[in-house]
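Residue numbers (our numbering): 1 to 79.
A virtual CB, placed ideally from N, CA and C, is assigned to each residue, including glycine.
Below: one structure, written as structure tokens.
Pasting the structure below:
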């Protein structure tokens with residue numbers, strides 16, 4: 001009967017909520033750091049190529065929407 005106290009699990013005292021919050025924020029940033037080390041970053045040439053592709057696609061879509069808006073505006077004016 002006396003041994004039951006030695007084998008009993010230690011009762012954890014609940015932590016103050018700010019301590020838990022700081023621990024969780026710390027764990028989050030630690031995880032972010034680990035994941036950023038796994039990233040394969042593009043080379044300078046790849047970055048330039050991707051940027052040019054994005055700018056060209058944006059320009060083409062802008063011209064398409066502008067042209068469609070102009071044509072529909074002219075058609076609206078006819079009726």
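{"Asked": "Spatial distance of residue 63 from residue 16 (CA atoms)", "Found": "58 angstroms"}
{"Asked": "Close beta carbons around residue 54, own chain, < 7 angstroms, minus the five adjacent residues each side", "Found": "none"}
{"Asked": "Whole-angstrom distance between residue 32 and residue 12, CA atom to CA atom", "Found": "29 angstroms"}
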